[in-house]
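The structure appears below as structure tokens.
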């Protein structure tokens, strides 16, 4: 029966393969009982199928036993793993208990040492009462001696306090006397300071008024040292009279001649500067008049040129009509205002402000190019000039640009979004965003593209 499974596979291999086994070029195969046979030809298909059908129940039984054996093996493996984990847990727990036993042993040793130390302390404490009694008797003797010394010290302290009280009274009296003496000294010092200050002021006044020292006043007044001083009122009256006479004379300016010479020099300088200023003013007025005259001539010349260009361009833009510029409010061109008179086809001559929006835009465009043609440049940039115009007026503006570009050497750079204007240009430049966040410059040559189209 143990050859049943190999027999099945051998039969299947023998029935499906066409290669022959080695050993004398003969086929080998197993029958339904698992016996090995050799033959020159493969067994019959019926025999093979019968053998396979006969072995199928045994194969199913073997598969069932194999599944049961695998289940039992898995159960045994799980139980073995559980026992292994339990054994490891028991070993860990055993190690923990060993650690606890060692810790308990160390704790018992410490408790034994503490018990021994407490015993020694207890024996020492039992001997303390006798020592305390002896110490108490010695302290009582010392207390008696100290009490006697205290009483003697109290007696000495009372005597010293009485003496200290007397000293305090004496010191207080001395402090009061010292304070009074200090106040008196400060008062005397203040009076002396005031006296010194007054003396200094009197000395300064004597020096200012009499130009002498105080001890020379009597000699300067013609009074002897032994003579009696005149009455104070008489002296003060005489002094007031002399002061009034001096004030009546007026102050004496000793620098009058020097100041006169300085003023004459200043007057001469000012007169010279005045003459220079008058000459400069005259030259300045002459220059201003010359500039005004030249400015008027240039302004009138430029005005005539701009007016001529404006009239021609207005007729070109509107396909007819007339327009001109006029100076107003003053005969002087430098101070005059400017009015724009326009007469589109089919309308009367009127001010620019009375025209429609499109007509005003075309008129302003004609005036702009008239100013430009007066003093042309090689490059002209126009930014959204076609924004207020309709399609027909945009065509007129483009025709005007073509005419000016053809007649001169000016190149126009037009910033616009109008499709008609872009279609009339020679080259287009734009910015596109092929990828988000990445700008790219794009250029299209419409003239080349038109030539390609015509050639095609």
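Residue numbers (the numbering used here): 5 to 460.
Yeah, the Cβ is synthetic: ideal placement off N, Cα and C, and Gly gets one too.
Quick caveat: nothing in here was measured; it's all calculated off a predicted structure.
Asked                                                                                                                                                                    : Found
Pick out the complete beta strand (DSSP E) segments inside the region 400 to 436, 3 residues or longer, and give them in chain order.                                    : 415 to 419
Alpha carbon to alpha carbon, what distance is there between residue 131 and residue 112?                                                                                : 29 Å
Looking only at C-alpha atoms, which of 343, 361 and 362 sits nearest to residue 354?                                                                                    : 343
Give the secondary structure of residue 447 by DSSP, where H, G and I count as helix, E and B as strand, and everything else as coil.                                    : strand
Between residue 26 and the rest of its own chain, which residues show a CB-CB distance below 7 Å, the 5 nearest in sequence each way excluded?                           : Because residue 26 sits at a pLDDT of 41, beneath the cut-off of 50, its placement in the model cannot be relied upon, and the following sentence gives the value as read from the coordinates. The answer is none, since no qualifying residue turns up.
Tell me the start and end of each unbroken alpha helix (DSSP H) in the region 257 to 333 that is at least 4 residues and wholly inside, in chain order.                  : 260 to 322
Using the three-state DSSP reduction, which class does residue 215 fall into: helix, strand or coil?                                                                     : coil
My output table needs one value for residue 9: the three-state DSSP class, helix, strand or coil.                                                                        : Annotation note: pLDDT 44 at residue 9 (below 50); position unreliable, no value reported.
Please report the residue range of the alpha helix (DSSP H) in which residue 461 lies.                                                                                   : What the structure shows of the chain is the stretch from 5 to 460, and residue 461 is not part of that stretch, so it cannot be assessed.
Between the region 333 to 348 and the region 268 to 285, do three or more beta carbon pairs fall short of 8 Å?                                                           : no
Using 8 Å for Cβ pairs, my map puts residue 432 next to residue 450. What's the rounded Cβ distance?                                                                     : 7 Å
For residue 377, I'd like the list of residues in its chain whose CB is within less than 6 Å of its CB, leaving aside the five on either flank, ordered along the chain. : 313
By DSSP, does residue 389 sit in helix, in strand, or in coil?                                                                                                           : coil
With residue 341 as the anchor, note down where its beta strand (DSSP E) starts and where it stops.                                                                      : 341 to 347
Tell me whether residue 401 is buried or exposed, calling it buried when 16 or more other Cβ atoms sit within 10 Å of its Cβ.                                            : buried
When we look at the beta-carbon of residue 322 and count the other beta-carbons within 10 Å, is it buried (16 or more) or exposed?                                       : buried
So for residue 177, helix, strand or coil by DSSP?                                                                                                                       : helix
Quickly, what does DSSP pair residue 384 with across the bridge? List them, please.                                                                                      : 416
So, do the region 383 to 396 and the region 358 to 372 have three or more beta carbon pairs nearer to each other than 8 Å?                                               : yes
Can you tell me whether residue 66 is helix, strand or coil according to DSSP?                                                                                           : helix
For residue 374, which residues of its own chain have a beta-carbon under 6 Å away from its beta-carbon, when the five flanking residues on both sides are left out?     : 310, 313, 314 and 317
My output table needs one value for residue 335: the three-state DSSP class, helix, strand or coil.                                                                      : coil
Less than 7 Å between C-beta atoms, sequence neighbours within five positions excluded: which residues of the same chain meet that for residue 429?                      : 418 and 450
Note down the Cα distance separating residue 242 from residue 263, rounded to an integer number of angstroms.                                                            : 36 Å
Go through its chain and collect everything with a Cβ distance to residue 299's Cβ below 7 Å, but skip five positions before and after it.                               : 338
Going straight from the alpha carbon of residue 244 to that of residue 274, what length do you get?                                                                      : 47 Å
Quick check on residue 448: buried or exposed, where buried means 16 or more other Cβ atoms within 10 Å of its Cβ?                                                       : exposed
Verify whether the separation of the beta carbon atoms of residue 415 and residue 382 is less than 8 Å.                                                                  : yes
Any idea what DSSP makes of residue 355, helix, strand or coil?                                                                                                          : strand
Mark residue 327 as exposed unless 16 or more other C-beta atoms lie within 10 angstroms of its C-beta, in which case mark it buried.                                    : buried
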